[in-house]
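Same order as they appear, the protein sequences are chains F and R.
At position 125 of the first sequence (counting the first as 1) the number is 125 in our numbering, and the numbers step up by one without a gap.
Counting the second sequence from 1 gives a position; our numbering is that position plus 1000.
Each residue gets a CB set at the ideal place from its N, CA and C atoms; glycine is no exception.
Quick notes on the structure that follows.
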Amino acid sequence: MLYAFKISARYLTANKGQTVLLVTGVAVGVFIFIFMSALIGGLAEFILSRTVGDLSHITIAAESDDPAILVTADGHMLVVTERGQTRTATLAEAATWLPLIAAVPGVKAVSPQINGAGFLTRGGQVSQVSVTGVEPGRESAILDLESYMIEGSARLGSGLIVLGTDLADDLALSLGQTLRLQSSQGVSAALTLSGIFETGNGGMDGARAFVSLSTARTLFAMPQGVTQIEIKLDDLNMADATARHIVSLTGLDAVPWTDGAEQLMEALNAQAQTGYFLKTFALITIVIGVASALLLSTYRRRPEIGIMRAMGAGRGFVVFVFVTQGALVGLMGGLMGASLGYLALLPFPSRDAFRAGTLPMDITQGSYGLAITLTVIGAIFASILPARAAANVDPVTAIGQ
Amino acid sequence: MTALLDVKDLVKTFGTGDVATQVLRGLSLDLAKGEMAALLGPSGSGKSTLLTILGTLMKPTSGRYHMLGQDLIAAQDKELTAFRNLHIGFVFQFHNLLPDFTALENVIFPTAVREGRESPAARARGRDLLVRMGLQERIDFPSTKLSGGQKQRVAVARALMNSPELVLADEPTGNLDRASAMQVMELIAQINREEGTTFLISTHDEKIANLCRRQLMVGDGVLTG
Ligand SMILES: Nc1ncnc2c1ncn2[C@@H]1O[C@H](COP(=O)(O)OP(=O)(O)O)[C@@H](O)[C@H]1O
Ligand SMILES: [Mg+2]
């Protein structure tokens, strides 16, 4: 069908102006498609990183009610019980699970924690805080504490405490000063303020304290085990699947962040739907544009089609000539639109540098290949009607002797 | 002489009911291999209709049409397309050439469409034919830049491309001045003599008809002489 291809190409080059217009029209549609993909993708990325980025993607919390009997894959039985004298439930064997969880594909970081409540006192001032005990070295594994530090260091250690800026202000604390933390267990400790962070989140900045895991053990009288394990993934969209994997592997109650985030998921879904809607319209516009242009060309070339049929060109040949024209227009428009889309997205900041107030366009989510493929398929689809019309041209009336 | 065509009792009616017009009313025709015949008749007498049916571009309402032993009335579109390509050449009065192609590209179309490519052999034959038509200077000319007479000579060359047994020419000189018309007719006569290709040429011009060895007259839907 090399010959039919030659004829298609000749038809397209014979009317250069018209072909350029048609290809440009297709390219605009593709451009819109790519722009929408990058915007919707970038927006979702932006919203997720703002809302979920600092959260644990999968959380394993100690069961607070009945003792749980867990059967592991290798036949061990594990009994998790609430210690009588503490109010905080524990994951007693956490240490054995950690390497296993860390080895699960897609897991980026694992952070065993002891959480609890307490009071901070400095002089006459008293503030209620929620205390998180984190292993030194894993301070930034889940919440990127390091990046929020405004004074001091995020590094935790024995006798050190890191507080939010509002809390530090309330207690009129400055770096290096000592304060007293009394836990809900009644244990108290003298700690030195080694860092102040500001996340922009009022609850965090005004009522959260970070201490080392060993300090937390003392404070909450928990010589072993932890209260929860937080897990960060490479891809937060994989949370559901990875959580299921961890459950099947360990039997622990691993909860993905999407549990309880239905509203956010709905909003993101609605946004994605809007994107599909607009992209579908861009494709429909392409299809209608190509179909009408080719239909016009079919009509204009009726006498020639009649001549070709009389000379022994079959219907299939004529169909091929017009479908190939559609495919070529789709391919050229697709490549042109994709290139323009890519160039137009280049000036936008990369996904790691999104700032509020600018469009969070993600150049990596332009769906270039998909845009080109769908455009070629759409253009071929659009050329079927004109091609059939061309193949059905009656040579006698077309030549019109 | 061996018969090329066997045409009997062709009837062609256009339309139905009150507006029905019977153009051919039982027309019969024999054409032997190597003949050069003129088809005469006033405008509207049915010359084009007959040539279109003989060219398998249209089916008669009833009648019999065999060529080279094949029943061309029973045949399907696909078979007819292949048959036309190999055995029948056309020269029309208008819209003869593909406008976006050169003279040579037009001439080799019937071979290229069958082979799926423009083979060197086809190009060579196309050039030869154009040279025979006196168009050696116009081989790679865009077809739209040719004069009327040149276009018709390209069309004759194209009709001969696949060495068909029959060439149907519907008023091939109807659009040309006398000199060009004579030139085209002389070339046709030369090919007919040298190659034995059968020509059936419709015209309403007696002078043109007289260049053919046989004259057929259409009147009242049948051949009258
Ligand atoms: N497709 C058609 N529909 C209706 N009438 C037609 C059609 N084609 C031809 N005719 C009629 O058939 C008659 C013969 O036409 P045609 O074969 O073109 O004559 P000629 O070529 O001898 O001038 C004319 O009266 C013409 O109007
Ligand atoms: Mg006529």
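In whole angstroms, what is the alpha-carbon distance linking residue i and residue j?
i, j, result
"F:Leu-374", "F:Met-336", "14 Å"
"F:Ala-282", "F:Arg-10", "28 Å"
"F:Ser-127", "F:Thr-51", "27 Å"
"R:Ile-1208", "R:Leu-1051", "17 Å"
"R:Leu-1176", "R:Asn-1162", "26 Å"
"F:Ala-27", "F:Ala-270", "27 Å"
"R:Leu-1160", "F:Leu-278", "56 Å"
"R:Asp-956", "F:Leu-264", "Since the first and last residues shown for chain R are 1001 and 1225, residue 956 of chain R lies out of range."
"R:Glu-1186", "R:Thr-1016", "42 Å"
"F:Val-131", "F:Ala-61", "16 Å"
"F:Asp-65", "F:Pro-347", "Any reading at F:Asp-65 must be qualified, since the residue scores a pLDDT of 49, below 50, and its modelled position is unreliable; the value itself is stated next. Rounded to whole angstroms, F:Asp-65 to F:Pro-347 spans 54 Å at the Cα level."
"R:Ser-1045", "R:Phe-1092", "17 Å"
"F:Asp-170", "F:Asp-54", "24 Å"
"F:Phe-381", "F:Val-287", "7 Å"
"F:Val-408", "F:Asp-144", "What is shown of chain F runs 1 to 401, which leaves residue 408 of chain F out entirely."
"F:Val-30", "F:Leu-359", "19 Å"
"F:Ser-183", "F:Ile-142", "24 Å"
"F:His-245", "F:Val-107", "11 Å"
"F:Arg-180", "F:Trp-257", "34 Å"
"F:Val-247", "F:Ala-94", "14 Å"
"R:Glu-1035", "F:Gln-18", "48 Å"
"R:Ile-1201", "R:Gln-1152", "13 Å"
"R:Ile-1073", "R:Leu-1024", "16 Å"
By alpha-carbon positions, which one of the options ends up nearest to residue i?
i, options, result
"R:Ser-1180", "R:Val-1023, R:Thr-1052 and R:Gln-1150", "R:Gln-1150"
"F:Gly-186", "F:Ala-272, F:Ala-216, F:Gly-164 and F:Gly-195", "F:Ala-216"
"F:Phe-210", "F:Ile-114, F:Asp-259 and F:Met-311", "F:Ile-114"
"F:Asp-394", "R:Ser-1043, R:Lys-1059, R:Asp-1220 and R:Gln-1190", "R:Lys-1059"
"F:Gly-200", "F:Thr-121, F:Phe-33, F:Phe-119 and F:Met-149", "F:Met-149"
"F:Gln-228", "F:Leu-252, F:Gly-203, F:Asp-169 and F:Leu-100", "F:Leu-252"
"F:Arg-302", "R:Val-1218, R:Leu-1097 and R:Arg-1214", "R:Leu-1097"
"F:Gly-176", "F:Gly-42, F:Ser-194, F:Thr-165 and F:Gly-164", "F:Ser-194"
"F:Ser-188", "F:Leu-236, F:Met-204, F:Phe-220 and F:Glu-198", "F:Phe-220"
"F:Arg-122", "F:Ser-174, F:Ala-94, F:Met-1 and F:Pro-136", "F:Ser-174"
"F:Ala-92", "F:Ile-32, F:Gln-224, F:Ala-338 and F:Met-308", "F:Gln-224"
"F:Ile-399", "R:Gly-1034, R:Thr-1102, R:His-1095 and R:Leu-1129", "R:His-1095"
"F:Ala-371", "F:Ser-37, F:Gly-41 and F:Gly-203", "F:Ser-37"
"F:Ser-383", "F:Ala-291, F:Ala-353 and F:Leu-249", "F:Ala-291"
"F:Ala-14", "R:Ala-1032, R:Cys-1212, R:Thr-1144 and R:Arg-1114", "R:Thr-1144"
"F:Ala-172", "F:Leu-120, F:Gly-202 and F:Ser-214", "F:Leu-120"
"R:Gly-1134", "R:Glu-1115, R:Val-1184 and R:Glu-1118", "R:Val-1184"
"F:Ala-407", "F:Ile-307, F:Ile-40, F:Leu-163 and F:Lys-6", "With chain F covering only 1 through 401, there is no way to say anything about residue 407 of chain F."
"F:Gly-312", "R:Thr-1081, R:Glu-1137, R:Glu-1206 and R:Gln-1076", "R:Thr-1081"
"R:Ala-1003", "R:Phe-1014, R:Gln-1215, R:Ala-1032 and R:Thr-1049", "R:Ala-1032"
"F:Gln-125", "F:Ala-338, F:Gly-260, F:Ala-168 and F:Ala-387", "F:Ala-168"
"R:Gly-1219", "R:Thr-1021, R:Thr-1013, R:Ala-1020 and R:Ser-1043", "R:Ser-1043"
"F:Leu-160", "F:Ser-140, F:Ser-147 and F:Pro-136", "F:Pro-136"
"F:Val-226", "F:Thr-96, F:Leu-296 and F:Ser-153", "F:Thr-96"
Considering only the beta carbon of each residue, do residue i and residue j sit closer than 9 Å?
i, j, result
"F:Gly-330", "F:Ile-377", "yes"
"R:Thr-1203", "R:Leu-1166", "no"
"F:Gly-341", "F:Gly-369", "no"
"R:Ile-1108", "R:Val-1156", "no"
"R:Val-1007", "R:His-1066", "yes"
"F:Ser-321", "F:Ala-390", "Inspection of the sequence shows that residue 321 of chain F is occupied by Val rather than by Ser. Against a cut-off of 9 Å, the Cβ pair of F:Ala-390 and F:Val-321 comes out as a contact."
"F:Ala-310", "R:Phe-1199", "no"
"F:Val-396", "R:Leu-1039", "no"
"F:Ser-111", "F:Ser-158", "no"
"F:Gly-334", "F:Leu-22", "no"
"R:Val-1154", "R:Ala-1121", "no"
"R:Leu-1029", "R:Leu-1005", "yes"
"R:Gly-1055", "R:Met-1217", "no"
"F:Met-361", "F:Leu-343", "no"
"F:Thr-364", "F:Ser-8", "no"
"F:Tyr-484", "R:Gly-1116", "Missing from the structure shown is residue 484 of chain F; chain F here goes from 1 to 401 and no further."
"R:Leu-1129", "R:Gly-1063", "no"
### Query
If you measure from each residue's Cβ to the nearest non-hydrogen atom of ligand 1, which ones come out under 6 Å, in chain order?
R:Phe-1014, R:Gly-1015, R:Thr-1021, R:Val-1023, R:Gly-1041, R:Ser-1043, R:Gly-1044, R:Ser-1045, R:Gly-1046, R:Lys-1047, R:Ser-1048 and R:Thr-1049
### Message
For the stretch 1014-1046 of chain R, list every residue whose C-beta sits within 8 Å of some C-beta in chain B, in sequence order.
### Response
Absent from the structure is chain B; the protein chains it does hold are F and R.
### Task
Just list the beta strand (DSSP E) runs in the stretch 1067-1122 of chain R, keeping only unbroken ones of 3 residues or longer that don't cross its boundaries, in chain order.
1088-1091
### Inside the stretch 1005-1055 of chain R only - alpha helix (DSSP H) runs reaching at least 4 residues
1047-1054
### Query
If you scan the stretch 1152-1211 of chain R from start to end, which runs of the beta strand (DSSP E) of 3 or more residues do you find wholly inside it?
1166-1170 and 1198-1203
### Task
Go through the stretch 140-208 of chain F residue by residue and report every complete run of the alpha helix (DSSP H) that reaches 4 residues or more, in order.
145-148, 165-170 and 202-207
#### Entry: Complete runs of the beta strand (DSSP E) confined to the stretch 211-287 of chain F [at least 3 residues]
228-233 and 254-256
### Query
Curious, which full-length beta strand (DSSP E) runs of at least 3 residues does the stretch 4-72 of chain F contain?
58-61 and 68-71
### Message
Extract the residue ranges of the beta strand (DSSP E) inside the stretch 285-335 of chain F, only unbroken runs of 3 or more that lie entirely within it.
### Response
none
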